[in-house]
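Asker: In my numbering, the protein residues as written are 619 to 731.
Even glycine gets a Cβ: it sits at the ideal position worked out from N, Cα and C.
Written out as structure tokens, the structure reads:
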């Protein structure tokens, strides 16, 4: 996905919102997705930086989560031709739009856990 295309996209304003959380959960995927997204709210990160910031995530689980979020258009992967290859991950506007959901989840956890 090209950056210029992602930044020019204007999300539609839904007239009717379906009561279907499953669509959101399908986009986000597994249990590590919100933690990856939370870390990327602070800016672009490399794979190793994400792995250090998310305790207990295996390289395999992190790779799978990053691939899924990229396929869903939540984050963008940029590869630099260095030795070894450098890969950076950045949230797309679609990913940035999840900030409100993450904030509400933090509030809920503060109240109830």
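Grouping DSSP H, G and I as helix and E and B as strand, with all else coil, what is residue 709?
Answerer: As a position in the chain shown, residue 709 is number 91, starting the count at 1. DSSP places residue 709 in strand when its eight states are reduced to three.
Asker: Locate the alpha helix (DSSP H) running through residue 697, then write down its first and last residues.
Answerer: By one-based count along the chain shown, residue 697 stands at place 79. Unbroken run through residue 697 is the beta strand (DSSP E), 693–698; no alpha helix (DSSP H).
Asker: Below 7 Å between beta carbons: does that hold for residue 681 and residue 654?
Answerer: For this step, residue 681 is matched to residue 63 along the chain shown. For this step, residue 654 is matched to residue 36 along the chain shown. No, the Cβ-Cβ distance between residue 681 and residue 654 is not below 7 Å.
Asker: Per DSSP, which one or two residues make a beta bridge with residue 663?
Answerer: Taking the first residue of the chain shown as position 1, residue 663 is located at position 45. Per DSSP, 707.
Asker: Once the 5 residues before and after residue 698 are set aside, which same chain residues still bring their CB inside 7 Å of it?
Answerer: For the purposes of this step, residue 698 is taken as the residue at position 80 of the chain shown. The residues are 704.
Asker: So the candidates are 729, 724 and 712; which of them puts its Cα closest to the Cα of residue 630?
Answerer: Taking the first residue of the chain shown as 1, we reach residue 630 at position 12. Cα-wise, what sits closest to residue 630 is 712.
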